[in-house]
Ligand SMILES: Nc1ncnc2c1ncn2[C@@H]1O[C@H](COP(=O)(O)OP(=O)(O)O)[C@@H](O)[C@H]1O
Ligand SMILES: [Mg+2]
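See the structure below:
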């Protein structure tokens, strides 16, 4: 099973990287990119027996290591 | 419209972050995480008139700025 | 005093901190490997030094925060033992939950290595007890992830937990003097009890006149003083 | 995965992979049969220009490489010089030009990683790095991207591993539009008795692989292998650019130094650089006059299905090959476990003098080590380039000169040129203070780092890299001499005496007779300068093929020089220290505007004759600086280079924490103002000293026979330079501090 984890800064936290990318896009001729947020994308190959287990374990991984919930939020998807 | 862009290192390219995260997960009691790849996740709020246009423009943004196709690959999804 | 200096894979200011503790201050420094379960017996203080623990992969300090030795540090800090985090050490202590808040990418998005000024403030801590409040110290920074964020930054200040703020040479806290976009110019904080302190600038790089600056030494001198029996409770005049 | 699946080797295959028919025949002669595909790979990579120095070897042997301080000269992974107290300095410079052009961040990062390994593989702890960079013209669309990427790549690697980047050199010219230069220098310190060499000694000893796993990256790196034999999908699997992992390198560094401390455990060691496992195994075998046997099934791999060819030629980063005393394998592995590094014994030292490689239980290569390691030697045709007469005939003073009232504006324009402007934008991104040894960091003439003697007291080393490639374009012989002299002078004005140097010779294609002529002229200049200054060459690197679409770069023989200073507290920096100091010029004012920044900025020309170096005058000037520094008589000293006297004076005034103005006259003479202000005659230094020491300073200069002219006194907020330039230091400073940022932002 594979887990795809998306970690982004909480909305209230300033994202200078997103701002910089947005500015560069505008300069490069993409003014239609109105707002940009940059986060992390983590792909995990899992060896688990069930979807439920995967759900529980990946959530634990996120809370323990993959995201810093002081400033970040996460979500994930599971796929075979 | 929103574009969600996922940028990851090409498979054959060394992913030092992924390697370090995988090791750490194992030590933290998640041996089921067999392989980890760390990439970027970029969310773009777009002002475009059609899905086709969005498709074309985001692809151009990826090639021009968001991904370095020498070592990275990208994919993206569009949503209203 | 016996100072335990932690070593994680990727720490790179461990030797520098050791140099200052042993050669400059003439004290007893011990390097402690991350896999250890215990601090050396008789440890008076712990320093979590700078560097790129685990390459700073994922997030700065995130992986090191889970090292075995950090459990021992937690116990030591819980008993009131003085703990100082420098740069990556600050990031590790935040990630470990021993300090409030988080450190993220500099607003400039670039690594910044240069001299800055910080103003000493907040409640007296073991690392600032000998430094008069309001004094300006000049020390270098060298980090890419130094922007301090805390959703209660104002409350933190009100409780006296902001120990250092970036300022101009005259002590004015201004945006232009803030090298990384930290909230309210926060350069260093303490826990509620005041015994765990961390800052982004490097006092160990500003402890010898030969290297151009020795103001940072006051932080180590403060520790020495506060560990001297019967001293160090209040703040120096 | 073995020979069975490998393509048949024919002359045609050799050709498509860049091997000439003569080389192919030579290979057949050595083997006495048709090689396997893996064997072809070994020959191709070991005989590549990069690994074998085939076009440069016959000339390099004439360099002066000996001297009292030299412990190991060229031929080892890095040069080793004695710095007293039982200590040695180990240093080298390497290019990573092409990878950095393709992927600036990773290319530059892995360049730093490579040079660090060259130094610690010898047993030295790296204590300082420098970098020399060349980019295309600022207005080229790719320049900002390349500058940002390269600078953050150098910082990303060096900062993380914790080796301070204490200085460097950066310049722009359109000749680098399609071919940037990224040269990385590292210096380490070891005990004299603790040096390790890349030798596979001791038949029966084990070959220990450690570091990162081997992947399919960079297989085309060293050998510029054409890929006709591979289909598109296999091409996709072989990224030519590697990703650096400074974290693993830090572990590798600490692990190596720990392994080396265990008495008798390591017999030899070499990093896997260009041509990966191939070059380390072959070179170590050949240096010891032994053979090696490798079993590739034991090599830690990142991905399944790698062929023998791929494993042998992979340039995956952060890997080492060591020879371990037989019977002590377990000890070595236990130590590497502590550092979380992959490690495996992959073979043995043999007495066959052959490199034997097995995969899947079969022998896939069996070749003699010596001819592989020795490589080829070419004496390529040389021809003096036709452009020289034309550019040398240009008289710089024939172009319209600014009116006296415009000289101030001219100075501002030159100060804001990215070649001259402050490089703070660059070095602020480098940790230049980690290791608490940086006494003088970037921003002055040479860096000074502290080295602790075994007894704990401090001594110092001076470090600098330099090369004015415009001068080398106008005259490769003189230009190279000037580069060596400027390095030595940069050290001297900082208080350090030149000890030894390394070089990184960046040139266009050696297959072009004009390039070979430039190369040989440049080497002649290098030799002459080294001999007359008594500074040996202890290591170096040649980088050919720096060209795109037939347009070569200017010859760029980058020089990295190391000097010593007994007491680092006596180091001198370039900026004026306060009001009321006397300012004087050491050296002679001559009209040298050929190849100057003035000519380029004001007239867009790189033309004229390169300045002439009077080595005797040079020595008298630098000796004066060294004695003055040693006696503690100097408040500041700054050598004159790009932009001449006017730029140097401005830098003295504005580069300190506090600006300090000065009121200066120009030295007497009949030079036209542009030549007096902006001429780039070598062997000149601007010094300042307390008025109380004036007589003593004059005496020192007189004793050394150095011409000296008093120009004025420091003070105020303006810089006055002769009758025509009078500007607030703040205005100069603004032009100088913002000039670079304009390029990148
Ligand atoms: N790429 C670089 N990396 C680090 N420092 C640099 C770099 N380029 C220039 N510097 C520093 O900037 C200062 C000025 O450099 P430069 O103008 O080349 O001096 P000079 O004219 O003496 O050769 C020096 O201290 C040098 O070390
Ligand atoms: Mg100079």
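Chains as they are written, first to last, in my numbering: chain A, 1207 to 1286; chain B, 1207 to 1286; chain C, 11 to 247; chain D, 15 to 759. Glycine included, C-beta positions come from ideal geometry on N, C-alpha and C.
Quickly, what does DSSP pair residue i with across the bridge? List them, please.
| i | result |
| --- | --- |
| residue 151(C) | 124(C) |
| residue 533(D) | Paired residues: none, contrary to the question. |
| residue 12(C) | 38(C) |
| residue 96(C) | 209(C) |
| residue 228(D) | 315(D) |
| residue 107(D) | 199(D) |
| residue 1210(A) | 1249(A), 1283(A) |
| residue 382(D) | 368(D) |
| residue 735(D) | 678(D), 739(D) |
| residue 745(D) | Paired residues: none, contrary to the question. |
| residue 158(C) | 113(C) |
Can you tell me whether residue i is buried or exposed, with buried defined as 16 or more other CB within 10 angstroms of its CB?
| i | result |
| --- | --- |
| residue 1270(B) | exposed |
| residue 362(D) | buried |
| residue 404(D) | exposed |
| residue 131(C) | buried |
| residue 219(D) | buried |
| residue 90(D) | buried |
| residue 661(D) | buried |
| residue 1255(A) | exposed |
| residue 379(D) | buried |
| residue 713(D) | exposed |
| residue 653(D) | buried |
Are the C-beta of residue i and some C-beta of chain A separated by less than 7 angstroms?
| i | result |
| --- | --- |
| residue 1281(B) | no |
| residue 74(C) | no |
| residue 1238(B) | yes |
| residue 1277(B) | no |
| residue 1229(B) | no |
Quick check: the Cα distance between residue i and residue j, rounded to an integer number of angstroms?
| i | j | result |
| --- | --- | --- |
| residue 261(D) | residue 600(D) | 47 angstroms |
| residue 744(D) | residue 669(D) | 11 angstroms |
| residue 628(D) | residue 169(D) | 38 angstroms |
| residue 250(D) | residue 95(D) | The predicted position of residue 250(D) is uncertain, since its pLDDT is 45 and thus under 50; a value taken from the coordinates is nonetheless stated next. Cα-Cα distance, rounded: 44 angstroms. |
| residue 128(D) | residue 516(D) | 16 angstroms |
| residue 10(C) | residue 440(D) | Outside the shown range of chain C (11 to 247) lies residue 10(C), about which nothing can therefore be said. |
| residue 1212(A) | residue 1224(B) | 14 angstroms |
| residue 616(D) | residue 610(D) | 10 angstroms |
| residue 1257(A) | residue 112(C) | 33 angstroms |
Does any residue of chain B bring its CB to less than 7 angstroms from the CB of residue i?
| i | result |
| --- | --- |
| residue 451(D) | no |
| residue 18(C) | no |
| residue 255(D) | yes |
| residue 65(C) | yes |
| residue 1267(A) | yes |
Kindly indicate if chain C contains any beta-carbon less than 7 angstroms away from that of residue i.
| i | result |
| --- | --- |
| residue 1242(B) | no |
| residue 265(D) | yes |
| residue 747(D) | no |
| residue 1234(B) | yes |
| residue 1255(B) | no |
| residue 406(D) | no |
Taking only beta-carbon positions, decide if residue i is within less than 7 angstroms of chain D.
| i | result |
| --- | --- |
| residue 1192(B) | With chain B represented from 1207 up to 1286, any question about residue 1192(B) goes unanswered, as that position is not in the structure. |
| residue 69(C) | no |
| residue 152(C) | yes |
| residue 22(C) | yes |
List the residues of chain E that residue i touches, going by C-beta distances under 7 angstroms, in chain order.
| i | result |
| --- | --- |
| residue 1226(A) | The structure shown contains no chain E; its protein chains are A, B, C and D. |
Between residue i and residue j, which are expected to be in contact by the criterion C-beta below 8 angstroms, what is the C-beta distance as a whole number of angstroms?
| i | j | result |
| --- | --- | --- |
| residue 453(D) | residue 585(D) | 5 angstroms |
| residue 330(D) | residue 290(D) | 7 angstroms |
Could you check whether the Cβ of residue i sits closer than 6 angstroms to any heavy atom belonging to ligand 4?
| i | result |
| --- | --- |
| residue 1280(A) | Inclusion of ligand 4 in the displayed structure is not the case, the ligand content consisting of ligand 1 and ligand 2 alone. |
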